[in-house]
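Taking it in order: structure first as structure tokens, then the write-up.
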Amino acid sequence: MSGLPINGLPKKRPCNLVMACGNPERGDDGLGPALIERLANLNRSDFETDADYQLNIEDAASLANYERVLFIDASISAPPPFNLESLAPTTEIAFTSHSVSPGAVLAICHDHFHHVPEAWVLGIRGYQFDLGQGLSSDARVNLDAAFARVIELLDSWNRCGKV
Numbered sequence: 150m151s152g153l154p155i156n157g158l159p160k161k162r163p164c165n166l167v168m169a170c171g172n173p174e175r176g177d178d179g180l181g182p183a184l185i186e187r188l189a190n191l192n193r194s195d196f197e198t199d200a201d202y203q204l205n206i207e208d209a210a211s212l213a214n215y216e217r218v219l220f221i222d223a224s225i226s227a228p229p230p231f232n233l234e235s236l237a238p239t240t241e242i243a244f245t246s247h248s249v250s251p252g253a254v255l256a257i258c259h260d261h262f263h264h265v266p267e268a269w270v271l272g273i274r275g276y277q278f279d280l281g282q283g284l285s286s287d288a289r290v291n292l293d294a295a296f297a298r299v300i301e302l303l304d305s306w307n308r309c310g311k312v
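For the sequence shown, this note's numbering gives the first residue as 150, with consecutive numbering after it.
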């Protein structure tokens, strides 16, 4: 999403990344990708988006290119409508063969790329995670509130300024 080259030079990347995890085919687990879809429709140039089913160790290489990152995921334990908090690298890197935590990805980024972006994690409260279901009506209300807060956060990050 960095754009076409201008005069032979690549366009500068935005300083901010919004990265979501979740499976849209598992009910409210699709909250993260749904928020990413809304953000992508804004066509703003001050951030990039990425969504996948889960985080992987390879994501650490992507994070090394940004000053700030916001991780988004559905949460069964977050207070409604969402929980937003800063995130630090996790010293204990535990992962399965399929995914790693946001804190672990930050730690890998630090260890291998000597950079840790300012990081936040947004857990959007979800209620049902059944296969084949769409977002629940309560989750959609939480998504609306989370989207508004993410826009505020991104606006505060505009031009690579501090929050």
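We treat Cβ as the ideally placed atom computed from N, Cα and C, and that holds for glycine. Because the structure is a prediction, the values reported are computed rather than measured.
- Taking the DSSP output, what are the residues bridged to residue 236? 268
- residue 152 to residue 163, Cα distance in whole Å? Any reading at residue 152 must be qualified, since the residue scores a pLDDT of 48, below 50, and its modelled position is unreliable; the value itself is stated next. Using only the alpha carbons, I get a separation of about 11 Å.
- Query: Taking DSSP as the reference, what is the three-state secondary structure of residue 213?
  - Reply: coil
- Specify the secondary structure class of residue 183 as computed by DSSP and reduced to three states. helix
- Could you tell me the distance, in whole angstroms, from the CA atom of residue 220 to the CA atom of residue 292? 14 Å
- Report the three-state DSSP secondary structure of residue 304 (helix, strand or coil). helix
- Helix or strand or just coil, what does DSSP make of residue 286? helix
- Query: According to the neighbour-count rule (16 or more other Cβ atoms, all chains shown, within 10 Å of its Cβ), is residue 212 buried or exposed?
  - Reply: buried
- Query: Within this structure, are the beta carbons of residue 180 and residue 288 separated by less than 8 Å?
  - Reply: yes
- Query: Buried or exposed: which applies to residue 184, given that a residue is buried once 16 or more other Cβ atoms fall within 10 Å of its Cβ?
  - Reply: buried
- Query: Which first and last residues belong to the beta strand (DSSP E) in which residue 196 is found?
  - Reply: 196-201
- Query: Considering only residues of the same chain and omitting the five flanking positions on each side of residue 257, which have a CB-CB separation below 6 Å?
  - Reply: 206 and 209
- Message: Taking its Cβ as the centre, do 16 or more other Cβ atoms sit within 10 Å of residue 280, making it buried, or is it exposed?
- Response: exposed
- Chain-order list of residues whose beta-carbon lies under 7 Å from that of residue 265 (same chain, five-residue window excluded): 238, 255, 258 and 259
- Close Cβ partners of residue 272 (< 7 Å) along its chain, the five nearest in sequence each way excluded: 222, 224, 227, 231 and 232
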